[in-house]
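S.K.:
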Amino acid sequence: MAVYEDLSPYEYLPVDHQGAIVNVGWLGKGTPYPSGPVPPGFRDALVRTASGYQTHATRGFHKCPFCGIRRATTAEPVPLLLGHAEFHIPGDQVTYAAPTLVIHYIDEHDYQPPQEFIDAVLALDRPT
Ligand SMILES: [Zn+2]
């Protein structure tokens, strides 16, 4: 899978979308990435919210570049299958494009997404 720096312009697949799209969580082995804790509730908010913003499904599954797992899933009672699509999460100014494996990176590899992505997910998950 391609590796992109967080918040760099998205270019992995063509998009039918107006406005800026930036990358989040396109990690690769040997490329340093931000690590650390995420705010309480963020990870679950991402799982709850993200499936509604899933797009660009592919026929195959990307392996995790760190542990090699293929068809990674979340630990939820009804697990979310990861590694075969992207989440496009709308933010205030931009849309954030993340591989679905971003949840696995947070769960298993200590990835810490940019704060503005965290804010966008939490804002979407807020009850209306
Ligand atoms: Zn992994």
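Residue numbers (this note's numbering): 1 to 128. We put the CB at the ideal spot given by N, CA and C, even for glycine. For clarity, every value in this text was computed on a predicted model and none was experimentally measured.
Check whether the Cβ of Phe61 lies closer than 8 Å to any heavy atom of ligand 1, and answer yes or no.
M.R.: On the sequence shown, residue 61 is found 61 positions in, with the first residue counted as 1. Because no heavy atom of ligand 1 lies under 8 Å away, the Cβ of Phe61 does not count as near it: no.
S.K.: Where Pro39 and Ile89 are concerned, what is the direct C-alpha to C-alpha distance, given to the nearest angstrom?
M.R.: Against the sequence shown, residue 39 aligns to sequence position 39. Against the sequence shown, residue 89 aligns to sequence position 89. Answer to the nearest angstrom: the Cα atoms are 18 Å apart.
S.K.: When DSSP labels each residue in this structure, what does Phe42 get in the three-state scheme?
M.R.: Numbered from 1 along the sequence shown, position 42 holds the residue referred to as residue 42. Helix at Phe42.
S.K.: Quick check: what's the CA-CA separation for Asp92 versus Asp110?
M.R.: For the purposes of this step, residue 92 is taken as residue 92 along the sequence shown, with counting starting at 1. For the purposes of this step, residue 110 is taken as residue 110 along the sequence shown, with counting starting at 1. Roughly 26 Å between the two C-alpha positions.
S.K.: Does DSSP put Val102 in a helix, in a strand, or in coil?
M.R.: For the purposes of this step, residue 102 is identified with residue 102 of the sequence shown, where counting begins at 1. Residue state, collapsed to three classes: helix.
S.K.: What residue range does the beta strand (DSSP E) around Phe87 cover?
M.R.: Here residue 87 refers to the residue found at position 87 when the sequence shown is read from its first residue. Start and end: Glu86 to Pro90.
S.K.: By alpha-carbon positions, which one of Thr55, Leu82 and Glu5 ends up nearest to Thr100?
M.R.: Taking the sequence shown and counting its residues from 1, the one referred to as residue 100 is at position 100. For Thr100, the nearest C-alpha among the options comes from Leu82.
S.K.: So if DSSP puts Ala97 in a beta bridge, which residue, or which two residues, is it bridged to?
M.R.: Position 97 of the sequence shown, counting from 1, holds the residue named residue 97. In DSSP, Ala97 forms a bridge with Asn23 and His88.
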